[in-house]
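Numbering (the numbering used here), first residue to last: 526 to 688.
Here's the structure, in structure tokens; my notes come after.
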């Protein structure tokens, strides 16, 4: 994915939490967190390795760990809700990536298995990695994602009713 879909998920999660722009940035960063594994390329870790791109960081176990940490760092009265929302936000990253048409699949069930999975239906075109996202192909992928995730963007940005 070109990341617009992940950003839309983060923005929608922030809206659920009742947050404004600063929280949208934070929750969007959380939704993008699994892609921090691209550093594996610079470290010489193969794409197909457990800690390669779309490996362990895209798993439900990693999402649960992040959800637990975010929950513990939040207000005591909102720990469970915030932790579950963080888990869902991070877990959505791997699930959305299974809907892409390229790569080696996602290690959703790591550390129980290193198998990588794709969804049976893959409507999202895979984006070029790095600066390649600024290519014609990258802009095409961003346009597709913008169209597909526009309902989440609208939900996140729609003005709230005054009480």
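Just so you know, even glycine gets a beta-carbon here, dropped at the ideal spot from N, CA and C.
Note that the structure is a prediction, hence the values are computed from the model and not measured.
- Residue 534 places its beta carbon less than 8 Å from that of residue 614.
- By a beta-carbon distance limit of 8 Å, residue 604 contacts residue 596. Their separation comes to about 5 Å.
- Annotation: residue 619 to residue 642 spans about 10 Å, alpha carbon to alpha carbon.
- Beta bridge pairing from DSSP links residue 631 with 642.
- Per the C-alpha coordinates, the member of 660, 646, 575 and 556 positioned closest to residue 528 is 556.
- Around the beta-carbon of residue 564, fewer than 16 other beta-carbon atoms lie within 10 Å, marking it exposed.
- Judged by beta-carbon spacing, residue 635 lies beyond the 8 Å limit of residue 559, meaning their Cβ atoms are not closer than that value.
- Between residue 530 and residue 631, the CB-CB gap reaches or exceeds 8 Å.
- C-alpha of residue 649 to C-alpha of residue 667: approximately 10 Å in a straight line.
- Contact annotation: residue 539 and residue 681 have beta-carbon atoms nearer than 8 Å.
- Secondary structure at residue 623: coil, using DSSP grouped into helix, strand and coil.
- The Cβ atoms of residue 581 and residue 590 lie no closer than 8 Å to each other.
- With fewer than 16 other Cβ atoms from the protein chains shown falling within 10 Å of its own Cβ, residue 568 counts as exposed.
- Taking each of 638, 537, 543 and 532 in turn and checking the Cα distance to residue 687, the smallest one comes out for 543.
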